[in-house]
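Structure first, then comments.
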Amino acid sequence: MSAETSVPRPRESDVDISDSALFKGMLSEAEFAFAFFDAAGHVQLVNDVFTDVVGVPAERLVGRAPVETLTADLSQLITHAVQAVTESDAPVTESRVRVRSSEGETRHWSLSFSPVHDEAGELRAIALIGLDVTESRQIEEDLRRSEERYRSLVEAQSQLVWITSPTGTVVEDAPQWRAITGQGLEEYLAVGWLEAVHPEERQQTEEAWKEALRGRTMFEWNYRVRTRASGFRHFEVRAVPIIRHGRVVEWVGANTDVTPQREAEEMRGRLTDQLGAAALRTARLQGATAMLAEALTVEQVVQVIIDVGRTALAADRSAVALLDTDRAALKLINGEGVPEASGMSGEEIPLSSSSVMTMAVNSRRPVFAESPDSLKSQLLEAGGDEQVLGNYLTHSDERAWVGLPLLAAGRALGALRFSFTRPQKISQEDGVFLEALAGQCALAVERATLFEREHKTAETLQRSLLPDRLPVVKGLVLAQRFRSGSRHVQVGGDWYDAFVLQDGRVAAVVGDVMGKGVKAAAGMGRIRNAMRALALTNPPPAAVLTGLDRVFEATEEEEQVTTLAYMVVEPVTGEGTLALAGHPPPVLVSPQGTAILGDVEPGTPLGWPTSRRQFRFVVPPGHTAVLYSDGMVENR
68 MSAETSVPRP RESDVDISDS ALFKGMLSEA EFAFAFFDAA GHVQLVNDVF
118 TDVVGVPAER LVGRAPVETL TADLSQLITH AVQAVTESDA PVTESRVRVR
168 SSEGETRHWS LSFSPVHDEA GELRAIALIG LDVTESRQIE EDLRRSEERY
218 RSLVEAQSQL VWITSPTGTV VEDAPQWRAI TGQGLEEYLA VGWLEAVHPE
268 ERQQTEEAWK EALRGRTMFE WNYRVRTRAS GFRHFEVRAV PIIRHGRVVE
318 WVGANTDVTP QREAEEMRGR LTDQLGAAAL RTARLQGATA MLAEALTVEQ
368 VVQVIIDVGR TALAADRSAV ALLDTDRAAL KLINGEGVPE ASGMSGEEIP
418 LSSSSVMTMA VNSRRPVFAE SPDSLKSQLL EAGGDEQVLG NYLTHSDERA
468 WVGLPLLAAG RALGALRFSF TRPQKISQED GVFLEALAGQ CALAVERATL
518 FEREHKTAET LQRSLLPDRL PVVKGLVLAQ RFRSGSRHVQ VGGDWYDAFV
568 LQDGRVAAVV GDVMGKGVKA AAGMGRIRNA MRALALTNPP PAAVLTGLDR
618 VFEATEEEEQ VTTLAYMVVE PVTGEGTLAL AGHPPPVLVS PQGTAILGDV
668 EPGTPLGWPT SRRQFRFVVP PGHTAVLYSD GMVENR
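With this note's numbering applied, the sequence shown covers 68 to 703.
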């Protein structure tokens with residue numbers, strides 16, 4: 068008995084790769100644009116994709132030069148590329164061109180040109196291969212916009228960002244830091260940041276930084292920094308290690324100037340020492356501080372100042388003005404004008420005029436006039452008009468005045484004016500109280516100004532991250548409404564989105580990133596972008612939420628809570644699937660207006676370990692499915 072142990076020969080293919088029919092079939096089925104040109108630049112052969120791209124049929128292209136049939140920019144690009152390949156006998160790659168389709172859609176194509184030789188090595192043709200890169204270009208554009216937003220957020224929060232090597236050595240320039248400290252680049256790249264720290268805090272800061280480097284833990288510290296003007300400002304610093312594959316690749320940190328907060332704390336300390344024996348004044352100041360702390364906007368701060376002037380100071384009239392540095396003038400926010408300056412009411416007071424408020428701003432000191440004679444003497448010395456002053460004092464019932472500058476970190480923000488219809492003795496204790504009150508008012512004005520600016524920034528960011536319009540889908544009607552709870556509520560992380568998937572189904576989502584302000588809006592943007600990417604890749608709701616859990620754990624803080632409701636619906640049948648991540652279930656409304664709350668397991672917020680589930684959800688014809696945020700049910 069014997070056995071054949073040889074390995075059988077592999078079967079040979081019947082396909083002839085030189086078959087012209089096979090080659091043409093390949094061109095017709097390819098997703099790329101193909102074209103062949105002779106050495107003179109005339110079109111020899113094109114596939115259907117190429118004709119669709121250029122919008123010209125094949126019979127008009129073959130045998131002609133590109134300049135005879137194509138648009139000017141496209142023909143010029145192809146002609147130059149073919150000429151370059153012919154002269155150099157080398158490929159020309161990555162030529163980008165923008166083409167508008169017959170539907171009016173702009174598409175981006177990457178074109179490559181290669182020489183084609185015969186068996187003897189002679190140049191027979193130049194081959195063009197085109198690839199649609201619209202999606203990749205959009206991704207690049209989204210990445211650029213994301214980087215611009217991040218940079219804008221950092222600048223809006225007034226943070227100084229810096230980077231070091233794994234050993235803590237500065238490796239990149241920090242222009243904002245050097246602008247504050249006045250250091251040169253070489254000085255900063257050595258140990259400049261440590262040399263700028265206050266000598267009393269330098270050793271402890273260095274030891275804490277080295278300890279963080281050794282332990283690869285977050286570095287959080289406070290220190291004073293010497294500025295170019297030889298003064299010191301207070302900074303809070305936070306730095307984290309960037310770890311890849313178990314190794315620290317760099318440290319990224321941010322310094323935040325907290326000088327105004329420190330100055331406020333120091334001011335409160337001095338106030339407590341100076342007014343320890345004056346219980347009534349202390350109580351009044353604390354009441355004013357509490358009211359100012361609750362005021363969010365400049366309008367609210369001004370109203371608190373008026374109330375404090377009336378109750379704590381027993382002033383008969385109060386006025387608040389903010390400084391307009393561009394116009395070198397004070398702009399009245401309230402009150403009946405400053406009659407001692409011009410003899411008439413007005414909304415704007417030039418700093419060059421003489422009044423209680425302009426004197427306070429120009430001198431950076433309080434102005435006390437305990438009688439008409441005192442006021443007249445001070446204003447005449449400052450250059451006031453004697454006739455105007457005399458006329459004002461004759462007809463006015465005011466008999467004592469106080470002008471207080473609003474200062475924050477030495478910078479003038481505006482001034483306060485309190486007047487009395489009786490002579491008023493201003494004691495040293497009264498002066499201390501008034502200066503402290505002005506300091507609290509200045510901090511409140513600065514905080515309110517920053518709040519309004521941040522609110523506007525966050526609102527702009529949040530609105531920019533929401534879709535401008537919802538897609539138009541046959542068989543469905545999509546609509547949205549976005550509204551804040553009240554006038555001064557901070558912008559949060561509520562968001563929505565709807566888009567068409569590759570298979571024609573429609574995805575809809577409503578989410579809520581807990582928190583307020585720029586941070587919540589930025590978190591919302593990250594989650595929304597990640598959700599879109601996951602949905603377009605693997606659209607089932609359970610799969611999308613599972614992917615978002617992984618993204619959330621990698622990018623968001625542990626204390627951050629984010630919920631969302633995500634559904635996918637077939638437009639023709641209304642059938643779909645739904646998954647919840649700790650979010651309220653949708654409501655199904657019948658044509659008669661009857662509302663039914665979806666009986667669906669709510670699940671857990673993103674980032675919590677769980678097995679994500681999806682449920683069948685049907686929107687019958689004429690019915691409406693409503694997705695909403697918790698603001699609809701928690702605050703009506």
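We put the beta carbon where it would ideally sit given N, CA and C, even for glycine.
Keep in mind it's a predicted model, so treat the numbers as computed, not measured.
Practice prompt. Verify the contact flag: E262, CB atom, against every heavy atom of the ligand ADP, threshold strictly below 6 Å.
Written response: Judged by which ligands are present, the structure shown has none, so any question about the ligand ADP falls away.
Worksheet item: Closest to L483 by CA distance: which of T524, K492, M426 and G477 is it?
Response: On the sequence shown, position 416 is the one that residue 483 refers to. Residue M426 is the option with its Cα nearest to L483.
Discussion item. Give me the residue from G188, V656 and T671 with the minimum Cα distance to G665.
Written reply: Taking the sequence shown and counting its residues from 1, one reaches residue 665 at position 598. Looking at the Cα atoms, V656 is the closest of the given residues.
Worksheet item: Contact between the region 353-360 and the region 271-278: three or more CB pairs below 8 Å?
Response: no
Worksheet item: Beta-carbon separation of G590 and L601 under 7 Å?
Response: In the sequence shown, residue 590 corresponds to position 523, counting from 1. In the sequence shown, residue 601 corresponds to position 534, counting from 1. Taking 7 Å as the Cβ cut-off, G590 and L601 do not qualify as a contacting pair.
Practice prompt. List the DSSP bridge partners of L13.
Written response: The requested residue 13 does not occur in the structure, where the chain is confined to residues 68 to 703.
Worksheet item: Per the contact definition of three or more C-beta pairs closer than 8 Å, is the region 103-110 in contact with the region 128-142?
Response: Yes, they touch.
Discussion item. Between A362, L447, L456 and R329, which has its C-alpha nearest A475's C-alpha?
Written reply: To locate residue 475, count along the sequence shown from 1; it is residue 408. Taking only the C-alpha atoms, the option nearest A475 is R329.
Discussion item. Taking its Cβ as the centre, do 16 or more other Cβ atoms sit within 10 Å of H265, making it buried, or is it exposed?
Written reply: Position 198 of the sequence shown, counting from 1, holds the residue named residue 265. By the C-beta density criterion, H265 is exposed, having fewer than 16 other C-beta atoms within 10 angstroms.
Worksheet item: What is the C-beta distance between T173 and R163, in whole angstroms, given that I count them as a contact (C-beta under 8 Å)?
Response: What you label residue 173 is simply residue 106 of the sequence shown in a count that begins at 1. What you label residue 163 is simply residue 96 of the sequence shown in a count that begins at 1. Not a contact, Cβ separation roughly 13 Å.
Fill in: Distance between E407 and S421 (C-alpha atoms, nearest Å)
Counting from one through the sequence shown, the residue named residue 421 turns up at place 354. Counting from one through the sequence shown, the residue named residue 407 turns up at place 340. S421 and E407: Cα-Cα distance of roughly 8 Å.
Item to complete: Could you pull out every residue in the same chain whose Cβ sits closer than 8 Å to the Cβ of G235, ignoring the five residues on either side in sequence?
Response: For the purposes of this step, residue 235 is taken as residue 168 along the sequence shown, with counting starting at 1. The residues are W276, K277, L280 and W318.
Fill in: For N429, the three-state DSSP class (helix, strand or coil)
By one-based count along the sequence shown, residue 429 stands at place 362. Three-state DSSP puts N429 in a helix.
Item to complete: Tell whether a beta-carbon distance below 7 Å holds between A436 and W468.
Response: Translated into the one-based positions of the sequence shown, residue 436 becomes position 369. Translated into the one-based positions of the sequence shown, residue 468 becomes position 401. In contact: A436 and W468 (Cβ atoms closer than 7 Å).
Practice prompt. Run the CB neighbour count on F549, radius 10 Å, all protein chains shown included, and call it buried at 16 or more, exposed below.
Written response: Along the sequence shown, read from residue 1 onward, the residue named residue 549 stands at position 482. The residue in question, F549, is exposed, as its Cβ has fewer than 16 Cβ neighbours within 10 Å.
Worksheet item: When you compare each of A151, V315 and E332 to I230 by their alpha carbons, which one comes out closest?
Response: As a working note, residue 230 is residue 163 in the sequence shown. Checking every option, the nearest Cα to that of I230 belongs to V315.
Item to complete: For N458, count neighbouring C-beta atoms within 10 Å of its own C-beta (all shown protein chains included) and say buried if the count is 16 or more, exposed if not.
Response: Position 391 of the sequence shown, counted from the first residue, corresponds to residue 458. Exposed, since its Cβ has fewer than 16 Cβ neighbours within 10 Å.
Worksheet item: Helix or strand or just coil, what does DSSP make of G582?
Response: Position 515 of the sequence shown holds residue 582. Note: G582 maps to strand in three-state DSSP.
Fill in: Top-ranked residue by Cα proximity to G171, from G122, L137 and T160
Counting from one through the sequence shown, the residue named residue 171 turns up at place 104. Of G122, L137 and T160, the residue nearest in Cα terms is G122.
Worksheet item: Using the C-alpha atoms, what's the distance from P638 back to G542?
Response: Position 475 of the sequence shown, counting from 1, holds the residue named residue 542. Position 571 of the sequence shown, counting from 1, holds the residue named residue 638. Approximately 5 Å between the Cα atoms of the pair.
Practice prompt. Let me know if L252 comes out buried or exposed under the rule of 16 or more other beta-carbons within 10 Å of its beta-carbon.
Written response: On the sequence shown, position 185 is the one that residue 252 refers to. Flag for L252 reads exposed.
Practice prompt. Measure the beta-carbon distance from D564 to P534 and round it to whole angstroms, keeping in mind my assumption that it falls under 8 Å.
Written response: Here residue 564 refers to the residue found at position 497 of the sequence shown. Here residue 534 refers to the residue found at position 467 of the sequence shown. Right, the Cβ-Cβ distance comes to about 6 Å (below 8 Å), so this counts as a contact.
Worksheet item: Going by C-alpha distance, which of D464, I400 and T364 is nearest L389?
Response: Within the sequence shown, numbered from 1, the residue matching residue 389 stands at position 322. Nearest option by C-alpha distance: I400.
Item to complete: Pick out whichever of E189, P124, T118 and D105 has its Cα sitting closest to the Cα of A148.
Response: Taking the sequence shown and counting its residues from 1, one reaches residue 148 at position 81. Out of E189, P124, T118 and D105, D105 has the C-alpha closest to the C-alpha of A148.
Worksheet entry | At least three beta-carbon pairs within less than 8 Å, the region 320-328 to the region 297-307 | At 8 Å Cβ cutoff, the stretches touch.
Discussion item. Once DSSP output is grouped into helix, strand and coil, what is the label at A505?
Written reply: Counting from one through the sequence shown, the residue named residue 505 turns up at place 438. Collapsing the DSSP output to three states places A505 in a helix.
Discussion item. Less than 7 Å between the beta carbons of P653 and A609, yes or no?
Written reply: As a working note, residue 653 is residue 586 in the sequence shown. As a working note, residue 609 is residue 542 in the sequence shown. Note that the C-beta distance between P653 and A609 is not below 7 Å.
Worksheet item: With respect to the alpha helix (DSSP H) encompassing H462, which residues constitute its N-terminal and C-terminal limits?
Response: Numbered from 1 along the sequence shown, position 395 holds the residue referred to as residue 462. E453 to H462 is the extent of the alpha helix (DSSP H) around H462.
Worksheet entry | Beta-carbon spacing of A194, S177 below 7 Å | Indexing the sequence shown from 1 puts residue 194 at position 127. Indexing the sequence shown from 1 puts residue 177 at position 110. For A194 and S177, no; Cβs fall outside 7 Å.
Practice prompt. With W176 as the anchor, note down where its beta strand (DSSP E) starts and where it stops.
Written response: The count along the sequence shown starts at 1 and reaches residue 176 at position 109. Note, W176: beta strand (DSSP E), T173 to H184.
Fill in: Contact between the region 445-460 and the region 490-499 (3+ Cβ pairs under 8 Å)
no
Fill in: Burial state of A192, where buried means 16 or more other Cβ atoms lie within 10 Å
To locate residue 192, count along the sequence shown from 1; it is residue 125. A192 should be labelled buried.
Worksheet entry | Alpha-carbon spacing of V512 relative to R478, whole angstroms | The residue labelled residue 512 in the question sits at position 445 within the sequence shown. The residue labelled residue 478 in the question sits at position 411 within the sequence shown. If I take the Cα positions, the gap works out to 12 Å.
Item to complete: Mark N114 as exposed unless 16 or more other C-beta atoms lie within 10 angstroms of its C-beta, in which case mark it buried.
Response: Numbered from 1 along the sequence shown, position 47 holds the residue referred to as residue 114. Classification of N114: buried, given that the 10 Å Cβ count is 16 or more.
Worksheet item: In its own chain, which residues sit with a C-beta less than 8 Å from the C-beta of G498, not counting the 5 before and 5 after it?
Response: As a working mapping, residue 498 is identified with position 431 in the sequence shown. Answer for G498: P433 and F435, listed in chain order.
Practice prompt. Compute the distance between the beta-carbons of T622 and G649, then report whether it is under 7 Å.
Written response: Residue 622 sits at position 555 when you count from the first residue of the sequence shown. Residue 649 sits at position 582 when you count from the first residue of the sequence shown. Result no, Cβ atoms of T622 and G649 do not sit closer than 7 Å.
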